[in-house]
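Taking it in order: structure first as structure tokens, then the write-up.
Number of protein chains: 2
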Amino acid sequence: MPKLGMEPVRRKALVEAALRTIGSQGSLDVTMSEIAREAGVSAALAHHYFGSKQQLLIATIRTLLRQLRADAVSALARAATPRERVSSVIRVSFDADQFAPDVVAAWLAFYSEAQRSEEVRHLLVLYARRLQSNLLSGLTPLCGRAEAQHIAEGAAALIDGLYIRRSLRTATLSIDTSVTLVEDYVSGQLNTRNTRSPSGDRT
Amino acid sequence: MPKLGMEPVRRKALVEAALRTIGSQGSLDVTMSEIAREAGVSAALAHHYFGSKQQLLIATIRTLLRQLRADAVSALARAATPRERVSSVIRVSFDADQFAPDVVAAWLAFYSEAQRSEEVRHLLVLYARRLQSNLLSGLTPLCGRAEAQHIAEGAAALIDGLYIRRSLRTATLSIDTSVTLVEDYVSGQLNTRNTRSPSGDRT
DNA sequence: TATTTTTGATTGACTGATCAATCAATAAAA
DNA sequence: TTTTATTGATTGATCAGTCAATCAAAAATA
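If you're matching them up, the sequences are chains A and B in order.
Here the first sequence is numbered in our numbering, starting from -7 and rising by one per residue.
Here the second sequence is numbered in our numbering, starting from -7 and rising by one per residue.
Structural data, given as structure tokens:
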């Protein structure tokens, strides 16, 4: 069997298998055996390439983030106006791939794991920052930096919240409704906050 | 030692210990021994009273929800106008008790567990419905039922999202900022959506 | 009141199952 | 022959759940 150069192939297969297994089970409490079986190899091989379960998990999150970033970059590139940039970021967050129940369940599991693993937490903070920054790139030209910051925080939280709700699979939450909700939020804020005197919050 | 009537005392102590342990560890992967030790009894006793770990978890969530409902009811009672009702609901969601890092971490763990346990999922759906309904009681008199529905969905998701963000402990997210964000969202929506023709969403 | 019986409270010790991680062995390129 | 890929078998640790035994209050009885 040993064709050479299997390493990258196996790594990829294992990461994808991990994502599928975690997603379908909605938990990081999946065994290396399950993941390995899903990838069509033995558990020992998974250990051989990743050293530990934790490392495989980290690699899985990294892959998810890389995917997300790639999508965001290409979407932003297609946007002409600042307002369009905002809409792009919103839409990407709810792209079919990322919003699939499996993936959402996996995200939830990762957030939970972040409570225990500093490394996982760091990765999720990175994601949060990037989302924020992507939103800001469109919002700042439309209102003050301060206003933009405020709106971006709200929009980011709203997006995360819609993910959580989706994880409960309580029927009524399509992709379109989600996008509309965030869009309405941004529009509403841009509206009322532009027509008034731009006052900061009194924190 | 056997004073009679220990059962309710032990149950309460164990549930509180479970919440503390889960919260501080940020995961449901806590052992019965840890919980029992925290409550000052043996693991066997925890099993004696709750039958299984799962049952203890369920009881813990129930307690949390009961607390939340009590807070909401008393806050709503103090509100005079519809708009005040909305503010009450928002403020209760971010009350110091519920928004403490430990409790937030516990919530996150429960959401994750909901992926596996139908019973847990059911409880969380109940919570979501109640939040929604509480918001609606204030919003409906202020705009149409359809508009209110839309805004309530957004506000509820926003609240959940702010919880998640808080779980990452990424510094910048005080109670006041959170309240302000949701208040601004509601105000903004009430504003822009009232001045336009009240169009339903096309879901 | 004194003694016995019953019952709730409580635990240490044990069991069976699960799992991450290791390792020695095998097979096939190079 | 050296290196890479791969696995079955094994180990060591961890845990949920069980059980038989103990202890002391309370209730019943003498």
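Glycine is no exception: its CB is placed at the ideal position from the N, C-alpha and C atoms.
- Residue range 110 to 131 is occupied by the alpha helix (DSSP H) that includes A/V112.
- When Cβ pairs closer than 8 Å are counted between the two stretches, the stretch 34 to 48 of chain A is seen to touch the stretch 5 to 16 of chain A, the count reaching three or more.
- Going by beta carbons, A/V95 and A/G153 fall outside the 8 Å limit.
- B/F42 is a Cβ neighbour of B/A51, given a cutoff of 8 Å.
- A/R108 belongs to the set of residues whose beta carbon lies under 8 Å from a beta carbon in chain B.
- Excluding its 5 nearest sequence neighbours in each direction, A/D87 has C-beta neighbours in its own chain below 7 Å: D63, listed in chain order.
- Per the Cβ contact rule, the stretch 161 to 172 of chain B is not in contact with the stretch 166 to 183 of chain A (fewer than 3 Cβ pairs under 8 Å).
- Contact of A/V117 with chain B by beta-carbon distance below 8 Å involves L160, T162.
- A/A147 is a Cβ neighbour of A/L127, given a cutoff of 8 Å.
- The way I'd put it, the stretch 114 to 128 of chain B does touch the stretch 159 to 167 of chain A; three or more beta-carbon pairs between them come closer than 8 Å.
- With a contact defined as Cβ atoms closer than 8 Å, A/T184 and B/G130 miss out at about 19 Å.
- Looking only at B/Y177, B/I143, B/R137, B/E139, the smallest Cα-Cα distance to A/H142 is reached by B/Y177.
- Around the beta carbon of B/E111, a 10 Å sphere encloses fewer than 16 other beta carbons of the protein chains shown; the residue is thus reported as exposed.
- Membership of B/V33 in any alpha helix (DSSP H) is not indicated, and neither H nor E is assigned to it by DSSP.
- Contact of B/G180 with chain A by beta-carbon distance below 8 Å involves Y177, G180, Q181, N183, T184, R185.
- From the listed residues A/Q90, A/K45, A/V84, A/R2, the smallest Cα separation to A/T23 is found for A/K45.
- Under the three-state reduction of DSSP, B/S166 is assigned to coil, being neither helix nor strand.
- Excluding sequence positions up to five before and after B/A71, its CB lies within less than 8 Å of the CB of R77, S79, S80, G130, all in the same chain and listed in chain order.
- Assigned with DSSP and collapsed to three states, B/R161 falls in coil, not helix or strand.
- Spatial neighbours of B/E105 in its own chain (CB-CB distance under 8 Å, excluding positions within 5 residues in sequence) are listed in chain order as L20, L49, V112.
- About 21 Å separates the CB atoms of B/Q107 and A/L60; that is not less than 8 Å, and the two are not in contact.
- Under the Cβ distance rule, A/L57 does not count among the residues neighbouring chain B, no pair being separated by less than 8 Å.
- Here the alpha carbon of A/L57 sits roughly 18 Å from the alpha carbon of A/A69.
- By the CB criterion at 8 Å, A/A92 and A/G18 fall outside the cutoff.
- For A/E145, a Cβ of chain B is located within less than 8 Å of the residue's own Cβ.
- DSSP places A/F102 in the uninterrupted alpha helix (DSSP H) bounded by 93 to 105.
- For B/D63, the enclosing alpha helix (DSSP H) begins and ends at 45 to 70.
- Here the alpha carbon of A/R121 sits roughly 44 Å from the alpha carbon of B/V33.
- Scanning its chain for C-beta atoms nearer than 6 Å, with the 5 sequence neighbours on each side dropped, one finds around B/A67 the residues S80, V84, in chain order.
- The beta carbon of B/T132 lies closer than 6 Å to those of A140 in the same chain, with the five residues before and after it left out.
- For B/A138 against B/Q124, the beta-carbon gap comes to about 14 Å, at or over 8 Å, which does not count as contact.
- Beyond the five residues adjoining it in sequence on each side, B/R3 comes within less than 8 Å, by CB distance, of Y41, F42, A51 in the same chain, given in chain order.
- Here the C-alpha atom of B/D89 lies approximately 11 Å from the C-alpha atom of B/I167.
- Inter-residue distance for B/I156 and A/R54 is about 20 Å (C-alpha atoms, whole angstroms).
- Between A/R75 and A/L(-4), the beta carbon gap of about 52 Å keeps them out of contact (Cβ cut-off 8 Å).
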